[in-house]
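A.B. asks: Those letters in the sequence shown? Residues 701 to 976, per our numbering, in order. Glycine is no exception: its CB is placed at the ideal position from the N, C-alpha and C atoms.
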Amino acid sequence: MTVSIVILTLNEEVNLSDCLDSVKWCDDMVVFDSYSTDRTVEIAKTAGAKVVQRRFDNYAAQRNASLNEVSYKHDWILMLDADERVSPELQIEIENKFCGVDDETSLLRVRRKDMFMGRWLRRSSGYPTWFGRLIRKGRVRVLREINEEYHTDGHVGYLQEHLIHYPFNKGIDHWFERHNRYSSMEAALLAGESRHRFNARELLSNDPAIRRRSMKQLAYKLPGRPLAVFFYLYFFRLGFLDGRPGLTYSYLRFIYEKMIDLKLQENSQRQKGLPF
701 MTVSIVILTL NEEVNLSDCL DSVKWCDDMV VFDSYSTDRT VEIAKTAGAK
751 VVQRRFDNYA AQRNASLNEV SYKHDWILML DADERVSPEL QIEIENKFCG
801 VDDETSLLRV RRKDMFMGRW LRRSSGYPTW FGRLIRKGRV RVLREINEEY
851 HTDGHVGYLQ EHLIHYPFNK GIDHWFERHN RYSSMEAALL AGESRHRFNA
901 RELLSNDPAI RRRSMKQLAY KLPGRPLAVF FYLYFFRLGF LDGRPGLTYS
951 YLRFIYEKMI DLKLQENSQR QKGLPF
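(1) Under 8 Å, do N906 and V714 count as touching if we go by C-beta distance?
(2) Please give me, in chain order, every unbroken run of the alpha helix (DSSP H) with length at least 4 that falls completely inside the stretch 727-781.
(3) Thinking just about the alpha-carbon of each residue, which of E957, Q969, F940, E966 is nearest to the one in S824?
(4) For the beta strand (DSSP E) containing I864, name the first residue and the last one.
(5) Measuring CB to CB, does T737 end up less than 8 Å from N711?
(6) Assuming the contact rule is C-beta atoms closer than 8 Å, L863 and R812 should be a hit. Round their C-beta distance to whole Å, please.
(7) Considering only C-alpha positions, which residue in the set G857, V752, L821 is nearest to E804?
(8) Alpha carbon to alpha carbon, what distance is there between K724 and V703?
(9) Relative to the C-alpha of L887, which residue among D733, K958, R755, L780 is closest?
(10) Using the Cα positions of L933 and F831, report the straight-line distance between them to the nearest angstrom.
(11) Give the DSSP-derived three-state secondary structure of L708 in the structure shown.
(12) Tell me the rounded alpha-carbon separation between K963 and L780.
(13) Going by DSSP, what residue range makes up the alpha helix (DSSP H) through E793?
(14) In angstroms, rounded to a whole number, what distance separates the CA positions of S914 and P975?
(15) Going by DSSP, what residue range makes up the alpha helix (DSSP H) through E849?
(16) Grouping DSSP H, G and I as helix and E and B as strand, with all else coil, what is K813?
(17) Are there 16 or more other CB atoms within 10 angstroms of the CB of G871, so buried, or fewer, so exposed?
(18) What first and last residue would you give for the beta strand (DSSP E) that runs through R841?
(19) Is it buried or exposed for R970, if we count other Cβ within 10 angstroms and need 16 for buried?
(20) Could you spell out the range, first to last residue, of the alpha helix (DSSP H) harbouring L952?
(21) In the DSSP assignment, the beta strand (DSSP E) including F976 goes from what residue to what residue?
(22) To the nearest angstrom, report how far apart F756 and P923 are at their CA atoms.
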C-alpha cells in the first residue's frame, strides 16, 4: 500500500479501535497522541501502530507537527481523527487513485458522512463539505487554529467516496465540552479576521474550501446569524427530511453558533473595559 496513516488522539479509547480496524490494510500506522490518560496508547500499540506524543496547543500546530515531525514509510499520508472511519469504498478508491495520480497533485480532499442517532445527516449537516485528508509529504501546511485550512503549492484533487464520521460517539456531554472549547477558539480568531476585507468574488470560486470560508465571513456579518444557520440547515437544506436527528442536530448547531456570538460580544466588551 502506498499510503501511511496518522490518527490524532486525546483520550480516544472509545473510538480508536474501530478507527484502526478501518485502516488495518495499511502497513504504516501512526497514532499522534496528546498524552492521553485513558487506554488510547495501549490500544494503539496492541493494534501495531507506532505512537508519537506531543502536548496539544492548537489544532493547526498539532496537525503540522504530525506531518513534519514523524518519519513515514510512504510519500502520501492519510490524516484521520479517531472518530472517523475509512469506508471500504474509500479504501478501494485510494488504492486505485495512486495508479494515476500526477506528480503535481499534493492534496486530495474527501467528504464525510456525519452520523447521529444511527442515521446519516445527509442534509442537516450541510453536506457536502470537503476536508483535506490525503497529503503528499512535505507539500501541505495547515493554517488556522480551529476549523483548519489546508494549503499546498501543488494541485488539489478530490475523492468521491466518504469517510464515516461519528462525532457523538463519546456522548452528548463530550460534544458540548468540545464545542464550548471550539467556540472560544473560534471567537478569538474571528475577532482578528473581522478586520480583513470581505471579497465577494470568492463566493463564486471553483475551490469549495474558498467558497466555504467566504460564506462563513459573510455569515458572521449578518444579524441573527445563529437562527439563520438553523433555518438554513433545517429548511433550506431540507434537514427536516433527516427526521428527529436532523431537527436535533440543527438545534445543536444553533446553540454552537450562539455560543460563538456571545463570546465575541464578551470579548468586545472586555476589550473596552466594560462588564459583560
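C.D. replies: Let's see:
(1) The answer is no: Cβ separation not under 8 Å.
(2) Taken in chain order, the unbroken stretches of alpha helix (DSSP H) that lie wholly in the stretch 727-781 and span 4 residues or more are 740-746, 759-768.
(3) Of the listed residues, the one whose Cα sits closest to S824 is F940.
(4) Annotation for I864: the continuous beta strand (DSSP E) segment containing it runs 855-865.
(5) Yes, the Cβ-Cβ distance between T737 and N711 is below 8 Å.
(6) Under the criterion of beta carbons closer than 8 Å, L863 and R812 qualify as touching, at roughly 5 Å.
(7) With distances taken between Cα atoms, E804 lies closest to G857.
(8) V703 and K724: Cα-Cα distance of roughly 12 Å.
(9) With the sequence shown as reference, residue 887 is identified as Ala, and Leu is not the correct amino acid for it. If we check each option's Cα against that of A887, K958 comes out closest.
(10) Cα-Cα distance, rounded: 19 Å.
(11) Three-state DSSP puts L708 in a strand.
(12) In a straight line, the C-alpha of K963 is about 29 Å away from that of L780.
(13) Its alpha helix (DSSP H) spans residues 788-797.
(14) S914 and P975: Cα-Cα distance of roughly 32 Å.
(15) Taken as a continuous stretch (DSSP letters only), E849 belongs to no alpha helix (DSSP H), being part of the beta strand (DSSP E) at 849-852.
(16) Three-state DSSP puts K813 in a strand.
(17) Around the C-beta of G871, fewer than 16 other C-beta atoms lie within 10 Å, and the residue is accordingly described as exposed.
(18) Element bounds for R841: 840-843.
(19) Counting Cβ neighbours within 10 Å, R970 comes out exposed, since fewer than 16 surround it.
(20) For L952, the enclosing alpha helix (DSSP H) has its first and last residue at 943-971.
(21) Membership of F976 in any beta strand (DSSP E) is not indicated, and neither H nor E is assigned to it by DSSP.
(22) Spanning the alpha carbons of F756 and P923 requires a straight line of approximately 34 Å.
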